Amino acid sequence: MIERYTSPEMGKIWTEENEFRTMLQVEILACEAMNKLGIVPDGALKDIQEKSDFCLERIHEIEAVTNHDIISFVTNVGEHVGEASKYIHKGLTSSDVKDTALGVMMKQAADLLLNLLENFRAVLRRRAAEHKHTVMIGRTHGIHAEPMTLGLKFALWMDETERNIERLKAARETVAVGKLSGAVGTYSNIDPFVEEYVCAKLEIKAAKLATQVIQRDRHASFLCTLAIIGCSLDKMATEIRNLQRTDIREVEEYFAPGQKGSSAMPHKRNPITCEKVSGLARLLRGNAVAAMENVALWHERDISHSSVERVILPDSTIALDHMLRKFTNIIDKLLVYPETMLANMNKTGGLIFSQNLLTALVGKGVLREDAYKWVQRNAMARWLEGADFKTNVHQDEDIKAHLTPEEIDACFDPQPMLKNIDLIMARFGL
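Numbering (the UniProt record's numbering), first residue to last: 1 to 430.
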């Protein structure tokens with residue numbers, strides 16, 4: 001991932017230094033386990049624990065000849081350790097080390113993302129409480145529907161974020177897995193105790209069964225979860241982008257002093273961060289497809305997944321990390337314009353109360369089909385001719401025959417339509 005979107009915290013997880021340091025930890029722990037089995041002598045283990053190290057430059061130098069990153073790594077570690085290095089990597093295959101280290105790194109990335117999601121949820125909760133009764137129009141198909149509140153919108157997003165937190169927790173458990181079972185997963189040259197010991201020390205689970213590699217359905221599930229979280233953020237960002245449009249302008253991204261919106265038009269205040277979130281969500285969705293392509297490996301493994309994962313695992317976690325940091329700030333500082341919300345709600349001249357009229361007429365014994373026809377003809381007059389909907393309803397002979405003027409007026413009061421807001425918000429402790 002490009003530096004522009006990489007936070008120091010997430011970027012550090014995917015450095016070569018962290019990867020090789022984690023792999024070194026796997027190798028040392030494997031030697032510890034074999035020491036307990038009487039395979040590695042105490043003196044050799046002491047040398048391995050004290051002298052094990054690596055040099056990235058030297059690893060790259062060796063790899064230029066071997067064309068194999070893990071062999072180059074093990075060779076370089078051996079150069080630091082000396083005689084006792086003959087016990088390092090004993091009975092292991094490259095994927096025992098690399099996949100187990102990858103499980104640790106993905107767990108680290110998931111933990112960081114979970115912290116960001118929980119912070120995002122807290123900000124949504126605060127804004128939901130703040131705007132619990134901020135009335136706005138709800139829209140379906142982009143058209144005014146019925147009144148709701150901005151707090152409901154924030155609460156809806158908070159609820160979805162809670163589901164995403166649970167999804168990511170489950171995905172974390174799916175990928176926080178290691179294996180040290182040899183070339184085809186049969187422990188042909190290594191005791192299963194080594195796998196149990198190493199994974200326990202690393203605080204990850206040991207795979208019940210693996211081939212030469214941990215199965216890639218796990219990684220696909222993780223990447224799909226990141227993509228779903230990205231879809232949620234994309235949905236929220238798209239809503240803000242729509243509500244910020246000049247002809248709506250009910251909310252707006254915070255625009256900092258000195259910020260510029262256009263090199264040509266000094267007046268512009270564009271929702272660029274929300275647009276960036278929507279853009280990066282596309283990357284997450286594409287990477288999820290690539291992860292699913294990695295599931296079908298040949299026999300007990302091929303290496304076609306490796307080149308893909310070197311890109312999609314860092315890129316997806318780094319992208320979502322950036323999206324969460326930026327979008328949390330957007331919600332935290334989101335500008336809200338309640339007066340514009342009320343003005344927009346009244347733009348259609350009362351059409352948004354059509355269901356109230358329909359329900360009131362049916363309540364008086366009118367057949368639903370007839371009531372619908374009477375209300376709709378007055379609504380169409382508003383849409384097509386600009387006639388005042390409420391005035392026309394008061395003058396409609398069919399409607400007047402069943403509803404008093406006071407009953408008609410009551411249908412145009414938005415407050416009864418919002419009577420259950422407190423009940424809904426109480427479900428979230430708000």
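For every residue, glycine included, the Cβ atom is placed at its ideal position computed from N, Cα and C. Quick caveat: nothing in here was measured; it's all calculated off a predicted structure.
Query                                                                                                      : Result
Nearest-angstrom beta carbon gap, Leu-334 and Val-251 [assumed within contact, 8 Å]                        : 6 Å
Minimum Cβ-Cβ distance from Asn-356 to chain D less than 7 Å                                               : This model lacks chain D altogether, as it is built from one protein chain only.
Element boundaries [beta strand (DSSP E), containing Arg-139]                                              : 135-140
Residue span of the beta strand (DSSP E) that contains Ala-145, given as start and end                     : 143-149
Cutoff 6 Å; reference Phe-54; Cβ partners in own chain excluding five residues on either side              : Phe-20, Asn-76, Val-77
Contact check, Met-323 vs Leu-384, beta carbons under 7 Å                                                  : no
Simplified DSSP assignment, three categories, for Val-103                                                  : Here residue 103 turns out to be Gly, not Val, going by the sequence shown. Reduced to three states, the DSSP call for Gly-103 is helix.
Cβ shell of Tyr-5 (< 7 Å), same chain only, five flanking positions each side left out                     : Ile-318, Ala-319, His-322
Validate contact between the stretch 279-293 and the stretch 164-176 using beta carbons, cut 8 Å, 3 pairs  : no
Beta-carbon proximity list for Ala-227, same chain, < 6 Å, skipping 5 on both sides                        : Leu-284, Arg-285, Ala-288
Cβ-Cβ separation, Gly-350 to Phe-412 (assumed contact under 8 Å), whole Å                                  : 5 Å
Straight-line Cα distance separating Met-417 from Leu-102                                                  : 53 Å
Touch test, the stretch 170-180 against the stretch 138-151, Cβ-Cβ under 8 Å, three pairs minimum          : no
CB contact flag (Leu-116, Phe-154, <7 Å)                                                                   : no
Identity of the residue in Asp-388, Ser-232, Lys-326, Leu-358 nearest Gln-376 by Cα                        : Leu-358
DSSP state of Gly-350 mapped onto helix, strand, coil                                                      : coil
Classification of Gly-363 by the beta-carbon crowding that lies within 10 angstroms, buried from 16 upward : exposed
Residues that Ala-206 bridges to, as DSSP identifies them                                                  : Gly-178
Same chain, Cβ closer than 7 Å to Glu-16, neighbours up to 5 away in sequence not counted                  : Leu-56
Minimum length 4: unbroken alpha helix (DSSP H) runs contained in the stretch 13-41                        : 16-36
Own chain, CB closer than 8 Å to Asp-315, minus 5 neighbours either side, in chain order                   : Met-1, Leu-283, Asn-287
Val-213, DSSP secondary structure in three states                                                          : coil
According to DSSP, residues forming a beta bridge with Val-336                                             : Val-251
Selection from Thr-246, Ser-94, Glu-239, Ile-331 that minimises the alpha carbon distance to Ala-128       : Ile-331
Straight-line gap, Arg-216 to Ala-176 (C-alpha atoms, nearest Å)                                           : 13 Å
Cβ contact (3+ pairs, closer than 8 Å) linking the stretch 261-276 and the stretch 306-314                 : no
Residue nearest to Thr-46 in terms of C-alpha spacing, selected from Asn-242, Ser-85, Trp-157              : Note on residue identity: the sequence assigns Lys, not Thr, to residue 46. It is Ser-85.
Three-state secondary structure assigned by DSSP to Trp-383                                                : helix
Simplified DSSP assignment, three categories, for Thr-6                                                    : coil
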